[in-house]
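FYI, the numbering for the sequence shown is 1 to 102, going by my numbering. Glycine included, every Cβ here is placed at the ideal spot set by N, Cα and C.
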Amino acid sequence: MSNPIAQNLEEVAALCRRAGARRLDVFGSAARNQFDPDSSDLDFLVEFDDLPPAEYADAFFTLKESLESLFGRSVDLVTAASLRNPYFRDRINAERRPVYAR
């Protein structure tokens with residue numbers, strides 16, 4: 001796991017709890033230990049509690065914006081349900097590392 005994430009695990013857990021996230025995994029350069037603090041974004045896979053659509057959208061964007069604020073960089077936040085491309089899904093599943101789970 002990349003250093004900025006490891007240094008902020010408690011804050012990330014608090015953000016996940018507030019947003020109703022069940023699980024948050026990192027993938028991409030941060031999970032492969034290829035994170036460049038000068039240019040890399042952060043890629044996360046999130047699973048939320050079952051929420052009504054309006055609450056789901058609010059939880060998703062609140063978590064995304066909160067993670068961007070915490071890390072001071074762009075965050076790509078994807079959900080398992082949005083992973084339609086089997087090659088992309090397989091790559092994420094091979095790389096993903098747990099950050100938060102309850």
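Selected residue, minimal CA-CA separation from residue i, among the options
| i | options | result |
| --- | --- | --- |
| R73 | F27, V12 and P37 | P37 |
| A94 | S69, V26, C16 and L70 | V26 |
| R97 | F44, T62 and V78 | F44 |
| R102 | L9, N3 and A13 | A13 |
Per-residue DSSP class, three states only, for residue i
| i | result |
| --- | --- |
| A38 | Residue 38 is actually Asp in this sequence, not Ala. Coil. |
| D58 | helix |
| L24 | strand |
| P52 | coil |
| A31 | coil |
| L83 | coil |
Anticipated Cβ contact below 8 Å, residue i with residue j, distance rounded
| i | j | result |
| --- | --- | --- |
| I5 | A30 | 6 Å |
| V75 | L67 | 5 Å |
| L9 | C16 | Contact flag wrong, Cβ pair sits at about 10 Å. |
| L70 | V46 | The Cβ separation is near 14 Å, so there is no contact. |
Residue environment, residue i, which counts as buried when at least 16 other CB atoms sit within 10 Å
| i | result |
| --- | --- |
| F60 | buried |
| L42 | buried |
| F88 | exposed |
| A57 | exposed |
| A19 | buried |
**Item:** At least three beta-carbon pairs within less than 8 Å, the region 46-53 to the region 84-93
**Value:** With a cut-off of 8 Å, the region 84-93 and the region 46-53 do not count as touching, because too few Cβ pairs lie within range.
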